[in-house]
Structure formats: structure tokens, C-alpha cells
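The block underneath contains the structure these notes are about, expressed in C-alpha cells.
Protein chains: 2
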Amino acid sequence: MWVECIPNFSEGTDKKILEHLFITASERPGVRVLGLEGDVDHNRAVMTLAGDGEAVLQAVLAAATVAVREIDLTRQTGTHPRLGSLDVVPFVPLGSTPMAYAVDLAERFGKAVGEDLGVPVYLYEHAASRPERKNLADVRRGQFEGLAARMRVDPPDFGPGAPHPTAGAMAVGARFPLIAFNVFLTTDDLAIARAVARAVRGSSGGLVGVKALAMDTVHRGRVQVSLNLVDYPTTPLPTAIEMVRREAGRFGVAIAETELVGLLPAQALMDSLRYYLQLSHLEANQVVELALAGSDYIPANQSSLHFGGHGHSEEGV
Amino acid sequence: MWVECIPNFSEGTDKKILEHLFITASERPGVRVLGLEGDVDHNRAVMTLAGDGEAVLQAVLAAATVAVREIDLTRQTGTHPRLGSLDVVPFVPLGSTPMAYAVDLAERFGKAVGEDLGVPVYLYEHAASRPERKNLADVRRGQFEGLAARMRVDPPDFGPGAPHPTAGAMAVGARFPLIAFNVFLTTDDLAIARAVARAVRGSSGGLVGVKALAMDTVHRGRVQVSLNLVDYPTTPLPTAIEMVRREAGRFGVAIAETELVGLLPAQALMDSLRYYLQLSHLEANQVVELALAGSDYIPANQSSLHFGGHGHSEEGV
Numbered sequence: 023m024w025v026e027c028i029p030n031f032s033e034g035t036d037k038k039i040l041e042h043l044f045i046t047a048s049e050r051p052g053v054r055v056l057g058l059e060g061d062v063d064h065n066r067a068v069m070t071l072a073g074d075g076e077a078v079l080q081a082v083l084a085a086a087t088v089a090v091r092e093i094d095l096t097r098q099t100g101t102h103p104r105l106g107s108l109d110v111v112p113f114v115p116l117g118s119t120p121m122a123y124a125v126d127l128a129e130r131f132g133k134a135v136g137e138d139l140g141v142p143v144y145l146y147e148h149a150a151s152r153p154e155r156k157n158l159a160d161v162r163r164g165q166f167e168g169l170a171a172r173m174r175v176d177p178p179d180f181g182p183g184a185p186h187p188t189a190g191a192m193a194v195g196a197r198f199p200l201i202a203f204n205v206f207l208t209t210d211d212l213a214i215a216r217a218v219a220r221a222v223r224g225s226s227g228g229l230v231g232v233k234a235l236a237m238d239t240v241h242r243g244r245v246q247v248s249l250n251l252v253d254y255p256t257t258p259l260p261t262a263i264e265m266v267r268r269e270a271g272r273f274g275v276a277i278a279e280t281e282l283v284g285l286l287p288a289q290a291l292m293d294s295l296r297y298y299l300q301l302s303h304l305e306a307n308q309v310v311e312l313a314l315a316g317s318d319y320i321p322a323n324q325s326s327l328h329f330g331g332h333g334h335s336e337e338g339v
Numbered sequence: 023m024w025v026e027c028i029p030n031f032s033e034g035t036d037k038k039i040l041e042h043l044f045i046t047a048s049e050r051p052g053v054r055v056l057g058l059e060g061d062v063d064h065n066r067a068v069m070t071l072a073g074d075g076e077a078v079l080q081a082v083l084a085a086a087t088v089a090v091r092e093i094d095l096t097r098q099t100g101t102h103p104r105l106g107s108l109d110v111v112p113f114v115p116l117g118s119t120p121m122a123y124a125v126d127l128a129e130r131f132g133k134a135v136g137e138d139l140g141v142p143v144y145l146y147e148h149a150a151s152r153p154e155r156k157n158l159a160d161v162r163r164g165q166f167e168g169l170a171a172r173m174r175v176d177p178p179d180f181g182p183g184a185p186h187p188t189a190g191a192m193a194v195g196a197r198f199p200l201i202a203f204n205v206f207l208t209t210d211d212l213a214i215a216r217a218v219a220r221a222v223r224g225s226s227g228g229l230v231g232v233k234a235l236a237m238d239t240v241h242r243g244r245v246q247v248s249l250n251l252v253d254y255p256t257t258p259l260p261t262a263i264e265m266v267r268r269e270a271g272r273f274g275v276a277i278a279e280t281e282l283v284g285l286l287p288a289q290a291l292m293d294s295l296r297y298y299l300q301l302s303h304l305e306a307n308q309v310v311e312l313a314l315a316g317s318d319y320i321p322a323n324q325s326s327l328h329f330g331g332h333g334h335s336e337e338g339v
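In order, the protein sequences belong to chains A and B.
Per our numbering, the very first residue in the first sequence carries number 23; after that it's consecutive.
Per our numbering, the very first residue in the second sequence carries number 23; after that it's consecutive.
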């Protein structure tokens with residue numbers, strides 16, 4: 023049962039801690055750490071790892087132990103909202119793994135963190151125990167500083183009824199893959215970035231499954247719209263980016279360039295190519311390296327035998 | 023040493039023969055048959071297999087034995103030019119495999135076919151023994167019917183100096199991955215397809231590394247331009263397709279849809295996405311399934327540790 027996990031740590035600058043986290047997770051058998059990206063402004067690092075569910079659970083638990091011991095939230099500052107040292111832990115099903123399996127992992131991980139590390143855990147998204155905890159932003163409201171007061175009226179799903187003194191609390195969830203994407207516009211006018219974000223995001227009447235935020239920093243004379251696609255099969259990447267392009271165009275502004283944050287599922291890559299090239303279809307078994315990988319984490323991967331096509335041939339033209 | 027091989031058989035309709043070819047190649051250890059596509063009009067089938075070079079060589083040799091025995095060129099007809107029962111055998115290096123390794127495989131495969139199966143072999147592309155045999159179209163000139171006369175003045179690289187009575191001759195080569203692509207236009211006017219193909223292909227002043235041919239059949243009221251990209255890192259997919267779009271637009275015609283023939287390297291998929299989404303960069307280790315596969319056939323695949331980014335975060339927005 024293949025899963026991906028993307029723990030978000032509230033430390034973006036201390037290389038010693040980040041390397042310790044990386045090594046701790048990498049050492050666990052059956053797991054691949056696919057990346058660790060630290061962000062200075064946010065003072066936050068995002069790790070991506072994948073493998074069999076059990077192995078991933080153990081690897082993230084080992085990294086959580088390091089984070090709780092080494093990241094002190096009473097001294098941490100940064101522009102990004104956070105509840106704890108290891109702030110957010112989403113489990114994501116890959117390939118044919120069902121969401122129920124990722125939910126089960128999240129519950130078992132949350133229980134272990136609460137009981138063994140003494141850190142209170144709130145379950146969110148598909149693992150949420152109540153509707154009002156589904157949205158991560160709601161779970162994180164009040165942040166680390168507001169935790170003690172909030173926990174008196176809003177007890178966690180696992181662990182003690184008060185915050186861990188230095189590690190705070192943790193949001194643990196199960197969700198579908200998320201695509202995070204930054205779009206840089208050819209302007210330094212923050213009002214335009216805000217207008218574009220407002221038009222594109224679902225919460226203010228834009229695209230379903232799209233979260234968008236105008237960043238309040240200007241980088242090399244360019245404003246930035248950050249996009250999260252939380253339901254990419256329903257609202258694919260090209261739909262979002264082309265809407266950004268059109269809305270920016272209303273102000274005479276274009277897209278200068280874009281940037282992928284973290285990882286992308288192969289299916290999103292193939293869906294995007296189908297859109298732009300007007301391909302009638304494209305499947306994993308038509309991409310050499312995906313066809314070769316041929317494992318449980320590749321969706322619908324089979325050798326193809328097609329007889330009876332018309333008028334095309336590889337070595338033909 | 024990972025390689026791909028794409029043998030083209032001169033049989034597109036007889037399911038018994040095609041299944042025999044498929045099973046023969048599939049049974050060999052260390053090889054994956056990624057596809058077999060038969061084409062009725064061309065009376066031709068294209069197999070794609072990959073694995074370690076030695077294993078691939080043995081599997082294609084086994085399939086060649088079947089093809090020489092079961093496909094009779096004296097009775098074969100079809101719209102596609104061909105020299106023999108197993109017409110073309112290109113070896114393609116994957117990932118970090120050097121071209122020289124694919125050339126060596128082609129030479130050893132050709133020698134075995136010539137000596138063991140008694141079929142004359144012409145080496146082409148990177149394996150060519152002379153400049154005038156580099157181009158496959160030149161090697162195939164005169165076809166099966168013209169072989170006996172041609173071989174008297176143009177002896178093969180391996181095997182007998184006369185055609186095999188039923189299996190003809192074989193072109194064996196080494197080349198970079200080829201992308202084959204059909205574009206359907208919103209018109210039934212063949213003259214437009216011809217004008218577009220002429221404008222786009224390198225041989226008549228268009229794009230370097232692009233071969234284009236207007237198919238002389240109309241399918242559901244749509245003409246078709248077939249594209250082969252023989253040097254896709256230099257001339258990528260979007261460059262070719264956008265030039266087709268522009269040239270068709272001169273006649274008030276649009277692209278109705280496109281169709282990928284055979285397989286596509288992951289790098290071409292990623293390069294295309296970078297083009298359309300204006301991504302500053304995109305690498306194999308940013309695609310979950312490619313990062314997980316993490317084998318020799320994935321180019322430049324490493325776990326990424328990035329510290330010091332600014333203003334982005336996966337669970338941020």
C-alpha cells in the first residue's frame with residue numbers, strides 16, 4: 023500500500039536540525055525521502071517521503087521525535103502560521119491505495135504522537151473527527167500562541183489536553199495529492215496580485231478546489247500569486263493557470279514565469295499535456311519511464327496490445 | 023545499461039502472428055514489452071520493449087526468429103515501405119546509457135541476424151557504417167521488391183549478399199528517442215495538410231529534426247499531418263505543434279485533436295509542461311512516481327535538499 027507523506031516542520035534555517043530530520047527519516051527501511059525544502063521567510067521546511075504505509079508511518083514518527091526535541095516554538099518566528107514544531111502531517115494515498123488506508127495511518131500516527139511524544143493531535147481533512155476540523159486553516163487558527171486558551175474549549179483527538187510546552191500541537195490528516203504552484207506576474211503592483219487571487223480562488227467565487235493567495239512581497243519587481251490545487255483531477259493545473267493568465271490580462275499584465283513547489287503526481291503532468299497538445303488520450307503506459315517502473319504506485323499501468331489502428335507508424339514518416 | 027528497442031514488423035493484421043511475437047519477446051527474462059501496436063492500412067506492427075541491453079538483445083533476437091519464419095514478404099502488401107519481415111530494429115539508450123552502447127548492441131544484433139537467421143542486415147543512423155546509410159529512408163529505398171538488384175551493387179553490413187527469399191533484409195540501427203505524433207486538422211482538404219507538412223518539416227525549410235508527412239486519407243472529415251521528432255531535446259514537442267497550429271491558421275484551419283503514437287520519454291513530457299506553464303524548471307525528482315522509480319533509466323534523479331527558498335510552502339495557502 024503506497025503512500026506519500028509531506029510533514030511540515032516549523033524550522034527553515036537551521037541546517038543542523040534539517041539535516042538531522044532528513045537523516046532520521048532516510049535511515050528507515052522501505053522509505054524514500056524525495057525532498058526537503060526549507061523556506062527562510064516562512065521559517066518552515068517541507069519534507070516529502072513515500073513508500074509502504076507502515077514504513078512511512080515509522081519514518082515520520084522518528085522524524086517527529088527529533089522535531090519535538092529540537093524545534094522550540096517559544097523562540098520560533100516566521101511569516102507562516104503554525105501550531106507546533108512538527109506542524110502538519112498529511113498522508114496521501116498513491117496509485118491504487120484507498121483513502122481509507124491513509125485515514126487509518128493518520129489515526130494511528132496521531133495516537134502514537136499523542137501517547138508517546140506527549141503532543142496533542144488534531145485530525146483534519148479526510149481524517150477529521152468533526153466537520154469543523156476538516157479545513158486545515160480552521161484547525162490552525164490562533165496558532166501556537168493561542169493554543170492553551172483554545173484547547174480548554176476544543177480538546178484534541180489524541181494526547182494531553184494542554185499544549186506541549188515547546189512543541190505545541192500537531193495537525194495530522196489524510197488528503198488527496200495537492201499541487202502547490204507560484205505564479206509571478208509582470209508587475210510590482212500588489213493590488214493586481216490580490217485581484218487575480220480573489221478572482222481565481224474558490225472561496226470568493228472562482229474555481230472549485232483552488233486556493234489562491236497574493237504574497238505581500240515583491241521579488242525582482244514581480245508580484246506573486248500562490249496557488250494550491252486541492253482537487254486536481256476536478257480542477258486541473260491548466261484550468262487554474264489559464265484563468266490566472268486571463269484575469270491578469272484584464273490589467274494589461276502577463277505571467278512572467280511559474281514555479282512548482284514540492285512534487286507533482288505524474289497524472290497531473292499527463293493531464294496538463296493532454297490539455298495543451300489537444301491529445302485525445304495519454305496514459306502512464308505511454309511514458310517510457312512510467313511504463314518501466316510498472317509498480318503499485320503507477321495508476322493503471324499495463325502493457326498495451328493494440329491491433330487495428332489506422333495510418334500511423336513509429337518509423338513511418 | 024538500460025535500452026529501449028522498437029522493432030517494426032511487416033504484419034499488422036494477423037493476430038496469431040502478432041500474439042506469437044508478443045509472447046516470444048515477453049517470455050525472455052529481464053525484459054518488459056511495453057506495447058505492441060498493429061496498423062491495418064500500413065500492414066505493420068510496432069513493438070516497444072525495454073530492459074538491460076543484453077536481455078533486450080536476446081528478446082528481439084527471439085522475436086526476429088519468429089518473424090523470419092512466419093511473415094512472408096512475397097505475399098505481404100500495405101501502404102508502408104518495407105525491406106523485410108522484421109523491417110527496422112532501432113536500439114535507443116535510456117537514462118545515462120551512452121549511445122556507443124546502443125551502437126554496439128546494434129552491431130552484435132545485426133551480426134547474429136546475418137549469421138544465424140541468414141537475413142542480410144544494413145546498419146543505419148548512429149550505427150551506420152557509411153554516411154549514405156545514416157538515413158533510414160535511403161536504406162529502405164527500392165523496398166523488398168528491389169532488393170535483389172540493389173544488393174548486387176550495395177552489399178549489406180552482415181549476412182548473405184542476396185535477400186532472404188521470404189524475409190528480405192533488415193535495417194538495424196541506434197538512435198535517440200523518437201516522438202511520433204499525429205495532428206488532425208479541422209478540414210478535409212488534403213492540400214492544406216500538405217502545405218502545413220511542407221512548412222513544418224526540416225527537409226523543406228522548416229524545423230530542424232522534424233519530419234512531417236500529410237497522410238492521403240481523410241478520417242471523419244479530417245486530414246492528418248504525421249510528425250516525427252527525431253531530435254526532441256533540440257526541437258521539442260510544443261515548438262512543432264505550435265508551428266503546425268500557426269501554419270494551419272493561415273488557411274483558417276485549427277487543430278482538432280492530436281494523437282501520440284507509441285511511447286514518449288518522460289523528459290519530453292516535462293519539457294512540454296515547462297513550455298506551456300512557463301515553469302522556471304521541472305525535473306524528474308519533482309514528479310512523485312519518477313522520483314520513486316529512482317532507477318538508472320530516470321535521468322538525473324536524486325533526493326533534493328533545498329534550503330533558503332523564499333515565500334512558498336506546500337501547506338501554506
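Cβ coordinates follow ideal geometry from the N, Cα and C atoms, glycine included.
- At a cut-off of 8 angstroms between beta-carbon atoms, A:A128 makes no contact with chain B.
- Boundaries of the beta strand (DSSP E) around A:F203: I201 to L207.
- In the same chain as A:T46, and ignoring 5 residues on each side of it, the C-beta atoms closer than 7 angstroms to its own belong to A84, A85 and V88, in chain order.
- Taking 3 residues as the shortest admissible run, the stretch 90 to 164 of chain B contains the following complete beta strand (DSSP E) segments, listed from N- to C-terminal end: 108 to 115 and 143 to 147.
- Annotation for A:T188: no beta strand (DSSP E) segment contains it, and DSSP assigns it neither H nor E.
- Contact between B:Y146 and B:A202 fails: their C-beta atoms lie close to 17 angstroms from each other, not under 8 angstroms.
- Assignment of beta-bridge partners to A:S248 by DSSP yields A:N204 and A:L235.
- Under the criterion of beta carbons closer than 8 angstroms, B:G57 and B:G34 do not qualify as touching, at roughly 14 angstroms.
- Here the C-alpha atom of A:G106 lies approximately 28 angstroms from the C-alpha atom of A:Y254.
- With a cutoff of 8 angstroms on beta-carbon distance, B:V232 and B:L249 are scored as near each other.
- Look at A:S294: its C-beta is under 8 angstroms from a C-beta on chain B.
- A Cβ-Cβ contact shorter than 8 angstroms links B:R130 with B:L79.
- DSSP places B:M69 in the uninterrupted beta strand (DSSP E) bounded by R66 to D74.
- If you look at A:V25, you'll find it in the beta strand (DSSP E) that goes W24 to C27.
- Against chain A, the CB of B:G57 has a partner CB under 8 angstroms away; the residue lies at that interface.
- Only residues of its own chain outside the window of five on either side were considered, and among them none has a CB closer than 6 angstroms to the CB of B:P51.
- With its beta carbon less than 8 angstroms from one in chain A, B:A315 belongs to the interface.
- Residue environment: A:T256 is assigned as exposed (fewer than 16 neighbouring CB atoms within 10 Å of its CB, all protein chains considered).
- Judged by DSSP in its simplified three-state form, A:L304 adopts coil rather than helix or strand.
- Secondary structure at B:G60: strand, using DSSP grouped into helix, strand and coil.
- Cβ contact annotation for A:D211 (same chain, cutoff 7 angstroms, sequence separation greater than five): V245, in chain order.
- With a 10 Å radius around the Cβ and a threshold of 16 neighbouring Cβ atoms, B:G190 comes out buried.
- No Cβ-Cβ contact shorter than 8 angstroms links B:A159 with B:V125.
- Under the Cβ distance rule, B:S151 does not count among the residues neighbouring chain A, no pair being separated by less than 8 angstroms.
- Exclusion of the five residues before and after B:N30 leaves R66, V68, D109 and V110 as the residues of its chain whose Cβ lies within less than 7 angstroms of its Cβ.
- Against A:T280, the close residues of chain B are L299, Q300, L301 and S302, in the order they occur along the chain (beta-carbon pairs closer than 8 angstroms).
- Between A:R54 and the set A:G73, A:T96 and A:H42, the nearest pair of CA atoms involves A:G73.
- DSSP places B:L212 in the uninterrupted alpha helix (DSSP H) bounded by L212 to V222.
- Residue pairing by DSSP puts A:F31 in a beta bridge opposite A:A67 and A:L108.
- With its beta carbon less than 8 angstroms from one in chain A, B:E311 belongs to the interface.
- For the stretch 259 to 289 of chain A, the set of positions with a beta-carbon nearer than 8 angstroms to some beta-carbon of chain B reads L259, P260, I263, I277, A278, E279, T280, E281, L282, V283, G284, L285, L286, P287 and A288 in chain order.
- For B:E76, no chain A residue has a C-beta closer than 9 angstroms to its own C-beta; the minimum C-beta separation is roughly 16 angstroms.
- DSSP, reduced to helix, strand and coil, places A:A276 outside both helices and strands of the structure shown, so it counts as coil.
- Taking C-beta separations shorter than 8 angstroms and ignoring five residues to either side along the sequence, the partners of A:E269 in its chain run A217, V218, A221 and V222, following chain order.
- With a threshold of 8 angstroms between beta carbons, B:A213 makes no contact with chain A.
- Using a CB distance cut-off of 8 angstroms, A:A81 does not count as an interface residue toward chain B.
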